[in-house]
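The numbers in numbering that gives the first Met the number 0 rise by one with no breaks, and the one at position 419 of the sequence shown is 418.
Read through the structure below, which is laid out as structure tokens, and then see the notes.
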Amino acid sequence: MELYNTLTQKKEPFVPHTPGQVKMYTCGPTVYHYAHIGNLRTYIMEDVLEKFLRYDGNQVDRVMNITDVGHLSSDADTGEDKMLAGARREHKTVLQIAQFYTDAFFKDCEKLNIRKPDTVVPATSRVADFIHMVEVLLEKGYAYEAGGNVYFDTSKLENYYVFGNQNSEDLAVGVRDSVEEDSNKRNKTDFVLWFTKSKFDDQELKWESPWGLGYPGWHIECSAISVKELGEYLDIHCGGIDNAFPHHTNEIAQSEAYLGHPWCKNWFHVLHLNDARGKMSKSKGGFLTVSLLEEKGYDPLVYRLFCLQSHYRKPLTFSFETLDNAAQAYQKLVQRIAALKADGDPDLEAAAPYQEKFKEALGNDLNTSLGLTVLYDVLKADLTDATKRYLVGDFDQVLSLGLLEAAAKGAKPAGKELSAEEAAEIEALIAKRAEARKNKDWATADAIRDQLAARHVVMKDTPNGVEWHVGP
Ligand code: AMP
Ligand code: ZN
0 MELYNTLTQK KEPFVPHTPG QVKMYTCGPT VYHYAHIGNL RTYIMEDVLE
50 KFLRYDGNQV DRVMNITDVG HLSSDADTGE DKMLAGARRE HKTVLQIAQF
100 YTDAFFKDCE KLNIRKPDTV VPATSRVADF IHMVEVLLEK GYAYEAGGNV
150 YFDTSKLENY YVFGNQNSED LAVGVRDSVE EDSNKRNKTD FVLWFTKSKF
200 DDQELKWESP WGLGYPGWHI ECSAISVKEL GEYLDIHCGG IDNAFPHHTN
250 EIAQSEAYLG HPWCKNWFHV LHLNDARGKM SKSKGGFLTV SLLEEKGYDP
300 LVYRLFCLQS HYRKPLTFSF ETLDNAAQAY QKLVQRIAAL KADGDPDLEA
350 AAPYQEKFKE ALGNDLNTSL GLTVLYDVLK ADLTDATKRY LVGDFDQVLS
400 LGLLEAAAKG AKPAGKELSA EEAAEIEALI AKRAEARKNK DWATADAIRD
450 QLAARHVVMK DTPNGVEWHV GP
């Protein structure tokens with residue numbers, strides 16, 4: 000397949016170090032709060048990538064860390080420890096917070112049909128490995144101690160800004176964040192490998208180390224976990240675009256200095272999900288979660304479809320109007336599949352060209368929207384129902400929209416049980432529509448009717464007034 004590589008800023012053939020065996024590393028969530036649907040956009044697209052690599056005949060070893068220590072609010076070395084802030088907010092210990100939000104993250108993933116990586120490693124379980132890596136970096140002269148902390152010396156590298164100008168916005172933020180920070184640093188891009196001088200008197204988690212009681216910097220966890228689990232040559236490393244700097248830049252610096260050779264050839268970054276206020280972020284608050292979408296009556300897989308309709312390398316703007324469109328598209332798709340007769344054998348010869356087209360679409364820098372077009376083409380094509388069902392199941396190994404399962408359930412509405420709040424909202428809209436009709440305000444009445452239709456509300460006039468239900 001061809002994939003865009005942030006490192007070379009080009010789309011290029013993806014060739015694993017050992018052909019047919021892909022070693023894939025994913026930066027996991029910082030578990031101090033629920034994942035928002037922006038984070039989950041990144042995990043959905045990474046899931047599609049992993050599944051497509053398998054579909055394309057590779058074996059994939061995938062590792063994800065869980066950040067439960069060391070991630071400060073700036074992404075650089077300033078600000079508050081995110082985990083500590085979460086614990087304080089909820090009057091719990093850091094480990095309780097970590098456990099709770101790790102579980103919540105994987106529950107969300109399950110709802111979105113995101114496969115859990117085979118290996119998931121909480122950072123706090125590998126501190127001995129981080130200490131070892133820092134020791135080697137000190138021995139090799141890539142690190143120094145100052146003011147009780149250990150820093151990576153970026154001046155020892157020929158090329159520190161490996162991701163070029165492409166992420167200049169992110170670079171600017173990282174550098175700005177670094178400017179206010181501690182005078183122990185020899186260069187402003189140096190970063191902390193090990194803290195002993197905590198800025199927080201009450202830092203909960205500390206470990207013994209050759210440099211005193213302390214805790215690791217954020218970046219070291221991904222280098223150490225990746226090298227230990229996946230070896231010295233990583234094929235692909237993924238994350239959201241905000242990870243490119245400083246996090247991935249610093250990972251490359253550490254790993255290559257430690258290993259003494261180039262480490263990871265391909266870097267896959269998913270562009271952000273934005274809302275009306277800009278990038279969705281946990282620290283800004285007011286973010287949307289999978290549970291919130293469910294409360295509003297959306298099937299989480301509608302959100303998955305919403306993400307697949309766009310290319311991962313374009314920013315995606317979220318609104319409920321566009322999500323409603325995805326809900327309708329999902330419902331129609333499921334209805335069409337439910338209408339296919341279930342008996343008979345597929346014609347594999349007739350199916351093959353569609354499988355090729357699907358591979359071509361996804362193999363072209365993971366063009367998921369084109370992949371969906373191939374699915375629509377199949378449903379329209381002159382193929383037997385059995386062949387169509389076969390192809391839907393085949394493509395869904397990658398798309399993971401639960402299409403055959405949803406169709407088997409009888410093309411249920413894309414939403415789920417309504418909450419009392421949602422039912423009250425619908426009642427209010429119906430009353431407003433009746434009022435508008437009474438006043439012959441057809442524009443308003445029609446607009447409300449469309450809003451109700453988008454929520455799959457079916458209305459019937461009866462002598463007792465309007466009766467309604469949410470239905471297909
Ligand atoms: P965090 O839990 O903050 O460490 O982030 C988890 C993942 O979500 C990382 O790969 C981030 O780059 C990614 N991410 C954060 N915000 C967004 C966003 N608004 N849209 C897409 N991905 C995001
Ligand atoms: Zn990472």
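Virtual Cβ for every residue (Gly too), placed ideally from N, Cα, C.
Bear in mind that the values here come from a model prediction, so they are computed numbers and not experimental data.
Straight-line spacing of the CA atoms in residue 308 and residue 48 works out to 15 Å. Judged by the Cβ position, residue 28 qualifies as a neighbour of the ligand AMP at the 7 Å threshold, a heavy atom of the ligand being closer than this. By the Cβ-count criterion, residue 373 is buried, with 16 or more other Cβ atoms from all chains shown falling within 10 Å of its own Cβ. Using a Cβ-Cβ distance cut-off of 8 Å, the segment 214 to 230 and the segment 181 to 195 are in contact, since at least three pairs of beta carbons, one from each stretch, lie closer than that value. The beta carbon of residue 390 sits closer than 6 Å to those of 350, 353, 377, all from its chain and outside the five residues before and after it, given in chain order.
Under a 10 Å Cβ-count criterion, residue 275 is classified as exposed, with fewer than 16 other Cβ atoms of the shown protein chains found around its own Cβ. In terms of CA proximity to residue 268, 243 leads the group 56, 259, 243. Counting along the chain, residue 10 sits inside the beta strand (DSSP E) bounded by residues 9 to 12.
Between the segment 83 to 99 and the segment 39 to 46, the count of Cβ pairs shorter than 8 Å is below three; the stretches do not touch. When DSSP assignments are scanned along the segment 283 to 312, no uninterrupted stretch of beta strand (DSSP E) that is 3 or more residues long falls wholly within it. Taking C-beta atoms as the reference points, residue 204 and residue 93 count as a pair closer than 8 Å. The C-beta distance from residue 429 to residue 465 rounds to 5 Å, short enough to meet the 8 Å contact threshold.
Annotation: residue 210 to residue 98 spans about 28 Å, alpha carbon to alpha carbon. For residue 235, the closest of 23, 282, 437, 207 by C-alpha to C-alpha distance is 23. Cβ contact annotation for residue 316 (same chain, cutoff 6 Å, sequence separation greater than five): 273, in chain order. Look at residue 324 here: in three-state DSSP terms it is helix. At least one heavy atom of the ligand AMP is found less than 7 Å from the C-beta of residue 278. About 5 Å separates the beta carbon of residue 52 from that of residue 21, a gap short enough to meet the 8 Å contact definition. For residue 30, the secondary structure class from DSSP, reduced to helix, strand or coil, is coil.
Per DSSP, the continuous beta strand (DSSP E) segment holding residue 144 begins and ends at 142 to 145. For residue 64, the CB falls within less than 7 Å of some heavy atom of the ligand ZN.
Residue 7 sits exposed, since fewer than 16 C-beta atoms from the chains shown fall within 10 Å of its C-beta. Along the segment 17 to 89, the alpha helix (DSSP H) occurs as fully enclosed runs of 4 or more residues at 36 to 54, 81 to 89, listed in sequence order. Note that the segment 223 to 235 touches the segment 56 to 65; at least 3 beta-carbon pairs, one per stretch, sit closer than 8 Å. Under DSSP, residue 278 forms a beta bridge with 273. In the DSSP assignment, residue 458 falls within the beta strand (DSSP E) that extends over 456 to 461.
Counting C-beta pairs closer than 8 Å gives fewer than three between the segment 354 to 371 and the segment 283 to 296, which falls short of the contact rule. For residue 40, the Cβ falls inside the 7 Å cut-off from some heavy atom of the ligand AMP. For residue 1, the enclosing beta strand (DSSP E) starts and ends at 1 to 4.
The secondary-structure analysis by DSSP pairs residue 466 across a beta bridge with 459. Shortest gap from the CB of residue 284 to any heavy atom of the ligand AMP: 7 Å or more.
The three-state reading of DSSP puts residue 101 in helix, counting H, G and I together. Note that the C-beta distance between residue 213 and residue 194 is below 8 Å. Relative to the Cα of residue 282, the nearest Cα in the group 26, 67, 79 belongs to 79. In this structure, residue 130 places its C-beta atom within 8 Å of the C-beta atom of residue 208. CA-CA distance, residue 425 to residue 447, rounds to 10 Å.
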